[in-house]
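To start, the structure under review is shown below, and the notes come after it.
In the working numbering, the protein residues as written are 20 to 118.
Here is the structure:
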């Protein structure tokens, strides 16, 4: 199941209920204004495999504790986050799949 909330405002409470949907695999929050409480609600996302946070002003440091297979942060991808914050990997590139 996929949910597109592009440019829709969501509260931390609403997002916590949304990410609690067990069948939800893909969530698009592109263009939404997200504060630290809203981002913290994403940490409870258990079934998500794809999360689009482009144009939300979120950076790698905001989502490094979110357990999602693929995160889109504008030009950043999960591989960038993993490489920059965990490995410092010289042989890994951002255009590779992080799955």
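We put the CB at the ideal spot given by N, CA and C, even for glycine.
Please read all numbers here as calculations on a predicted model, not as lab measurements.
Boundaries of the beta strand (DSSP E) in which residue i is found, first to last residue
i	result
residue 55	Note, residue 55: premise wrong, no beta strand (DSSP E); alpha helix (DSSP H) at 55 to 60.
residue 89	89 to 91
residue 69	69 to 71
residue 48	Element bounds for residue 48: n/a, residue is neither H nor E.
Residue i - containing alpha helix (DSSP H), residue span
i	result
residue 81	79 to 82
residue 34	31 to 38
Member of the options whose CA lies at the smallest distance from the CA of residue i
i	options	result
residue 73	62, 59 and 52	52
residue 75	39, 32 and 91	91
residue 67	56, 35 and 81	35
residue 27	57, 41 and 79	57
residue 48	86, 25, 40 and 42	25
Expected contact under 8 Å - CB spacing of residue i and residue j to nearest Å
i	j	result
residue 63	residue 38	6 Å
residue 84	residue 44	Contact flag wrong, Cβ pair sits at about 20 Å.
residue 59	residue 79	16 Å between Cβ atoms; not a contact.
Residue i versus residue j: straight-line alpha-carbon distance, rounded
i	j	result
residue 46	residue 61	10 Å
residue 77	residue 20	24 Å
residue 95	residue 71	The predicted model places residue 95 with a pLDDT of 49, which falls under 50 and marks its position as unreliable; any figure quoted below should be read in that light. Residue 95 and residue 71: Cα-Cα distance of roughly 10 Å.
residue 40	residue 50	22 Å
residue 87	residue 23	16 Å
residue 42	residue 65	10 Å
residue 89	residue 82	11 Å
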